[in-house]
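So in numbering that gives the first Met the number 0, spot 176 of the sequence shown is number 175, and the numbers just go up one at a time. For each residue, glycine too, the CB sits at the ideal point set by N, CA and C. As the structure is a computational prediction, the values presented were derived from the model and not from experiment.
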Amino acid sequence: MKKEEKEVIYNLLKSADSYVNGYVRKQFQNQPLFSDDEEVTEQSQQRQQASEPSTNVEMPESQTSQSSEVASSPGPITDSPATASHGMSISELNAKILRCTRCQLARTRNNVVPGQGVENPLVLVVGEGPGYDEDIQGMPFVGKAGKLLDKMLAAIQLDRNQNCYIANIVKCRPPNNRDPLPEEQAACISFLEAQIHILKPKMILCMGRISGQKLLNTDTPVGQLRGNFHDYNGIPLLVTYHPSALLRNESLKRPAWEDLKLFKRKLDQILATTN
Numbered sequence: 000m001k002k003e004e005k006e007v008i009y010n011l012l013k014s015a016d017s018y019v020n021g022y023v024r025k026q027f028q029n030q031p032l033f034s035d036d037e038e039v040t041e042q043s044q045q046r047q048q049a050s051e052p053s054t055n056v057e058m059p060e061s062q063t064s065q066s067s068e069v070a071s072s073p074g075p076i077t078d079s080p081a082t083a084s085h086g087m088s089i090s091e092l093n094a095k096i097l098r099c100t101r102c103q104l105a106r107t108r109n110n111v112v113p114g115q116g117v118e119n120p121l122v123l124v125v126g127e128g129p130g131y132d133e134d135i136q137g138m139p140f141v142g143k144a145g146k147l148l149d150k151m152l153a154a155i156q157l158d159r160n161q162n163c164y165i166a167n168i169v170k171c172r173p174p175n176n177r178d179p180l181p182e183e184q185a186a187c188i189s190f191l192e193a194q195i196h197i198l199k200p201k202m203i204l205c206m207g208r209i210s211g212q213k214l215l216n217t218d219t220p221v222g223q224l225r226g227n228f229h230d231y232n233g234i235p236l237l238v239t240y241h242p243s244a245l246l247r248n249e250s251l252k253r254p255a256w257e258d259l260k261l262f263k264r265k266l267d268q269i270l271a272t273t274n
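See below:
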């Protein structure tokens with residue numbers, strides 16, 4: 000295959016991937032250097048040798064001019080990161096999420112739950128997936144666990160309507176509120192990655208095991224993940240217990256409160272250095 004053909008295929012894949020995901024992923028941010036395959040180079044050399052004249056023939060001036068124009072013409076046009084991401088807003092991305100049928104959860108949902116919050120949040124709060132109330136209302140964290148989450152955020156001066164955005168690993172409710180399956184998480188995670196790319200939060204707060212393990216690509220238990228900051232593509236990330244776990248087990252409320260205080264101190268430090 001020729002170098003130019005490889006570049007065309009690469010750019011088509013890049014454009015398609017950025018359209019689906021809403022931004023240019025790391026895999027496509029640095030274009031590789033392509034070259035002709037060896038067999039193509041050999042065939043080209045053979046054809047050139049066969050077509051070479053035995054004597055030097057002067058090309059007409061018009062042909063010389065045309066050749067120089069071809070030689071100086073630019074190569075394939077590639078999208079810049081700004082154009083390849085299509086400048087998608089969070090509302091445009093969420094409109095795409097509402098139409099998603101990537102996995103089996105699309106067949107059992109009542110509503111898709113893209114997320115809720117402000118467009119320039121200090122904090123992105125990430126849960127695992129919608130529950131019954133969220134599936135009915137199409138909004139994240141609106142049941143009993145949601146009310147507790149709002150109280151937890153308010154305790155550290157955060158609010159979904161003022162300085163936070165709330166999203167989930169999967170955007171549709173798993174039947175009977177079971178854990179989202181690995182294939183369901185894999186089908187949906189690019190939406191959350193795109194949301195993070197667009198929103199650019201200063202910090203991420205993961206509520207529970209599923210969100211922490213998925214974003215950190217680990218199977219470490221939540222009890223070991225919590226209490227320390229992790230790095231997500233340069234963004235400080237903290238994992239704590241899910242509000243529903245606190246409703247089931249009140250002994251978790253104390254460590255969760257310690258996590259929130261730790262999170263608030265880190266956020267205050269970040270804001271102090273940026274103001």
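query                                                                                                     : result
Within 8 Å, strictly: CB atoms of residue 117 and residue 97                                              : no
8 Å Cβ cutoff met for residue 104 and residue 171                                                         : yes
Assumed close pair residue 195, residue 266 - CB separation to whole angstroms, cut-off 8 Å               : About 17 Å separates the two Cβ atoms, so there is no contact after all.
Of the residues 232, 251, 274 and 107, the one placed nearest residue 239, counting alpha carbons only    : 251
Residue 163 in three-state terms, based on DSSP                                                           : strand
Residue 162 versus 271, 132, 202 and 272, residue with shortest Cα-Cα distance                            : 202
Three-state class that DSSP yields for residue 123 in the structure shown                                 : strand
Between the CA atoms of residue 254 and residue 157 - distance to the nearest angstrom                    : 19 Å
Neighbourhood of residue 243 by C-beta, 7 Å cutoff - its chain only, sequence neighbours within 5 removed : 144
The stretch 134–152 contacting the stretch 212–226, beta-carbon criterion three pairs below 8 Å           : no
Distance, residue 36 Cα to residue 55 Cα                                                                  : With a pLDDT of only 47 at residue 55, under the threshold of 50, the placement of this residue in the model should not be trusted; the figure read from the coordinates follows. For residue 55 and residue 36, the distance between alpha carbons rounds to 30 Å.
Beta-carbon proximity check, residue 153 vs residue 125, cutoff 8 Å                                       : no
Nearest candidate by alpha-carbon position, reference residue 136, set 149, 155, 113 and 127              : 113
Residue 83 - DSSP class collapsed to helix/strand/coil                                                    : Confidence is the limiting factor: at residue 83 the pLDDT is only 35, short of 50, which leaves the residue's position unreliable and the question unanswerable from this model.
Proximity winner among 234, 231, 230 and 207, relative to residue 221 (alpha-carbon distances)            : 207
Helix, strand or coil at residue 240 according to DSSP, with G and I counted as helix                     : coil
Distance between residue 179 and residue 121 (C-alpha atoms, nearest Å)                                   : 27 Å
DSSP three-state assignment for residue 198, whether helix, strand or coil                                : helix
Neighbour-count burial assignment, residue 139, 16 or more Cβ in a 10 Å radius                            : buried
Rounded C-alpha distance that separates residue 262 from residue 224                                      : 14 Å
CA nearest to the CA of residue 260, picked from 216, 272, 273 and 228                                    : 228
Candidates 258, 151 and 233: closest to residue 246 by CA position                                        : 151
Inter-residue Cα distance where the pair is residue 86 and residue 197                                    : 9 Å
Neighbour-count burial assignment, residue 164, 16 or more Cβ in a 10 Å radius                            : buried
Cross-strand partners of residue 287 (DSSP beta bridge)                                                   : The question about residue 287 has no answer, for the chain in this structure spans 0 to 274.
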